[in-house]
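Student:
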Amino acid sequence: MVNFIFPDMDTTIVLFDFNANANLENWSTVNDTVMGGVSSSSLIIDEDGHANFSGEVSLENNGGFASIRYVCPDQKLGDATKAVLKIKGDGNEYQLRFKESTSDGHSYIIPFATSGEWETVELELDEMTASFRGSQLNMDNFHHMFIDELSLFIGNKEASFKLLIDKIYVE
């Protein structure tokens, strides 16, 4: 369900609401195998209707990351100032990443920790920094009105991981 505005919260824009009927057609996994690594991941909808992003991150062959990406051309963000994730992590740290255009080489990233419990994580959009292949760029922080892509990323350490996702929205 993309671009749905809650009737009682006119400043909330749902970017993706995972449920048993969610269509993952515009989602894909992108792992370090694109550069010779051996990390693996998958994205499925579990029996409770949550996205299950899980796998193994390996540093072998100069690898070290796994990610899922959602292509959402011209997704309006309105006047949103924060991204909100309803998730259950595993204690690992992840990153939320936005791209204004899928053709951009860089992403705007912000890390977030997980507790192992269901939680609502709020991330300030203006704290998202421009990054390319793990290096922070000398660019302004995120301040855009729309995105073409969002992703969730884990990397830079050997780890088994599992991130359950209920909903991603901005407000």
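The working numbering puts the first residue of the sequence shown at 1068, with every later residue one more than the last.
All C-beta atoms in this analysis are idealised placements derived from N, C-alpha and C, irrespective of residue type, glycine included.
1) Over what stretch of residues does the beta strand (DSSP E) that includes R1136 continue unbroken?
2) Got a sec? Which residues, its chain only, sit under 6 Å from A1180 by beta carbon, not counting five neighbours each side?
3) Helix, strand or coil: how does DSSP classify E1019 here?
4) Would you tell me roughly how many angstroms separate the C-alpha atoms of M1068 and L1144, rounded to the nearest one?
5) On the CB-based measure, 16 or more other CB atoms within 10 Å of its CB, does S1109 come out buried or exposed?
6) Roughly how many angstroms separate the alpha carbons of D1146 and I1176, rounded to a whole number?
7) In the DSSP output, what is L1110 paired with across the bridge?
8) Distance, Cα to Cα, K1234 vs D1084?
9) T1100 to E1127, Cα distance in whole Å?
10) Which class does L1091 belong to by DSSP, given the choice of helix, strand or coil?
11) Hey, quick one: how far does the beta strand (DSSP E) through D1099 stretch, first residue to last?
12) Where DSSP assigns a beta bridge to F1179, which residues make up the other side?
13) Using a 10 Å radius around the Cβ and a threshold of 16 neighbouring Cβ atoms, would you call E1092 buried or exposed?
Tutor: Here's the rundown:
1) Numbered from 1 along the sequence shown, position 69 holds the residue referred to as residue 1136. From DSSP, the beta strand (DSSP E) with R1136 extends over 1132-1143.
2) Residue mapping note: residue 1180 aligns to position 113 of the sequence shown, counting from 1. Here the set comprises E1160.
3) There is simply no residue 1019 to check, as the chain begins at 1068 and stops at 1238 in what is shown.
4) As a working mapping, residue 1068 is identified with position 1 in the sequence shown. As a working mapping, residue 1144 is identified with position 77 in the sequence shown. With a pLDDT of only 43 at M1068, under the threshold of 50, the placement of this residue in the model should not be trusted, and no figure is reported.
5) Here residue 1109 refers to the residue found at position 42 of the sequence shown. With fewer than 16 other Cβ atoms within 10 Å, it is exposed.
6) For the purposes of this step, residue 1146 is taken as residue 79 along the sequence shown, with counting starting at 1. For the purposes of this step, residue 1176 is taken as residue 109 along the sequence shown, with counting starting at 1. Approximately 19 Å between the Cα atoms of the pair.
7) As a position in the sequence shown, residue 1110 is number 43, starting the count at 1. According to DSSP, L1110 bridges with F1120.
8) Taking the first residue of the sequence shown as position 1, residue 1234 is located at position 167. Taking the first residue of the sequence shown as position 1, residue 1084 is located at position 17. Taking the straight line from one Cα to the other gives about 4 Å.
9) The sequence position of residue 1100 within the sequence shown is 33, counting from 1. The sequence position of residue 1127 within the sequence shown is 60, counting from 1. So the alpha carbons of these two residues sit roughly 10 Å apart.
10) Mapped onto the sequence shown, residue 1091 falls at position 24. When secondary structure is reduced to three states using DSSP, L1091 falls in the coil class, being assigned neither helix nor strand.
11) Along the sequence shown, read from residue 1 onward, the residue named residue 1099 stands at position 32. It is not in any beta strand (DSSP E) - D1099 carries neither H nor E in the DSSP assignment.
12) Position 112 of the sequence shown, counted from the start, is the residue given in the question as residue 1179. DSSP lists Y1161 as the bridge partner or partners of F1179.
13) Sequence index remark: in the sequence shown, residue 1092 carries index 25 (1-based). That one is exposed.
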